[in-house]
Ligand SMILES: O=C(O)CCC(=O)C(=O)O
Ligand SMILES: [Fe+2]
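In the working numbering, the protein residues as written are 4 to 324.
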């Protein structure tokens with residue numbers, strides 16, 4: 004079995020995946036495993052019979068957080084703040100979606116380690132974000148023990164700025180600070196993604212791969228692997244909404260850290276202490292079962308945000324995918 008020989012690599016990204024008979028998985032799970040291995044993503048129906056009712060309640064509950072009149076079909080829905088991070092802390096349905104047991108079990112089988120959700124993002128519209136890999140925001144050692152699950156909370160049309168992915172890009176090297184020749188530890192950035200944009204664009208260009216939109220149906224979800232390039236397409240019609248929830252998952256027994264602010268070669272890691280949403284307990288960084296001390300990260304030059312708020316951010320889930 005591949006996971007016994009390479010326990011430090013997610014099962015679905017194993018270099019000997021082709022030899023894995025996947026005999027312990029159902030046919031449906033095997034299809035998901037193969038899609039993740041080949042394409043870097045897999046589409047599933049979200050495994051929750053109450054998902055429609057949950058979505059309705061979330062839309063009602065979160066609508067008030069945005070400065071947009073969602074009742075007005077002509078209103079521009081892209082104005083102002085366009086996301087709520089970690090709404091699981093106050094919304095039971097957001098927390099239930101993130102904590103979905105069937106999904107956590109499935110991810111555990113696919114990765115060969117127990118999964119735990121650690122961050123939620125709720126969006127009323129698309130992000131129109133450039134192609135990026137979440138690996139610069141949150142990663143693990145051993146690498147690739149992170150994934151995102153994107154849930155469509157309504158049908159998504161081509162004009163609504165759909166989520167897009169670059170099929171197969173998860174197989175490319177994970178772009179790190181070392182690769183692009185910059186120091187990350189203690190650096191100041193307005194966006195963790197900015198320094199890596201050129202490298203990702205160059206990879207897409209060199210491989211001749213295009214962005215493909217995901218025109219999802221309400222209730223469908225897309226699992227993306229740690230290094231899959233994805234983003235939000237330009238929104239052609241600003242009056243449309245594109246409600247979605249992204250839940251990011253880590254896996255047990257890893258070091259969790261933010262690569263954009265780390266220099267791995269120097270042993271300088273911007274470590275995280277994620278809180279698992281389903282049991283609300285923090286996870287220490289561990290390596291082969293041993294706890295790794297989490298250093299207090301440096302506080303960077305003062306910015307608009309207070310120093311204490313920034314320090315707290317850095318200890319928790321500061322960046323988002
Ligand atoms: O929904 C989108 O447009 C992209 C979201 C995303 O990149 C993320 O949450 O990691
Ligand atoms: Fe992302």
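Just so it is clear, CB atoms sit at the ideal spot from N, CA and C, and this is done for glycine as well. The model shown is predicted, which means the values in this text are computed figures rather than measured ones.
In the DSSP annotation of this structure, the continuous segment of the beta strand (DSSP E) that includes residue 225 starts and ends at 223-228. A distance of 8 Å or more separates the beta carbons of residue 281 and residue 122.
Membership of residue 182 in the alpha helix (DSSP H) is indicated by the continuous run 180-183. The alpha-carbon of residue 10 is positioned some 23 Å away from that of residue 105. Here residue 78 has 71, 72 and 242 as same chain residues with Cβ atoms under 8 Å from its own Cβ, once five neighbours each way along the sequence are excluded. Beyond the five residues adjoining it in sequence on each side, residue 240 comes within less than 6 Å, by CB distance, of 162 in the same chain, given in chain order. In this structure the region 145-157 touches the region 218-228; the number of beta carbon pairs closer than 8 Å is three or more. Proximity to residue 199 across 188, 20, 139 and 229 peaks at 139, based on C-alpha coordinates. The C-alpha of residue 238 is placed about 12 Å away from the C-alpha of residue 82.
The three-state secondary structure of residue 16, taken from DSSP, is helix.
Counting only the Cα atoms, residue 74 lies some 47 Å from residue 145. Taken in chain order, the unbroken stretches of beta strand (DSSP E) that lie wholly in the region 114-153 and span 3 residues or more are 118-126 and 142-144.
Using a Cβ distance threshold of 8 Å, residue 297 and residue 276 count as a contacting pair.
Of the heavy atoms belonging to ligand 2, none sits nearer than 7 Å to the Cβ of residue 208.
In this structure, residue 15 and residue 42 do not form a Cβ contact; the two beta carbons are roughly 11 Å apart against a cut-off of 8 Å. In this structure, the beta-carbon distance from residue 28 to residue 112 falls below 8 Å.
Apart from the 5 residues on each side of it in sequence, residue 254 sits with its Cβ closer than 6 Å to the Cβ of 114, 116, 118 and 148 in its chain, given in chain order. Judged by beta-carbon spacing, residue 108 lies beyond the 8 Å limit of residue 188, meaning their Cβ atoms are not closer than that value. Using a Cβ distance threshold of 8 Å, residue 256 and residue 228 do not count as a contacting pair. Taking a cut-off of 8 Å on C-beta distances, the region 201-215 does not touch the region 18-27, as fewer than three cross pairs fall below it.
The beta carbon of residue 36 sits closer than 7 Å to those of 15, 25, 28 and 113, all from its chain and outside the five residues before and after it, given in chain order.
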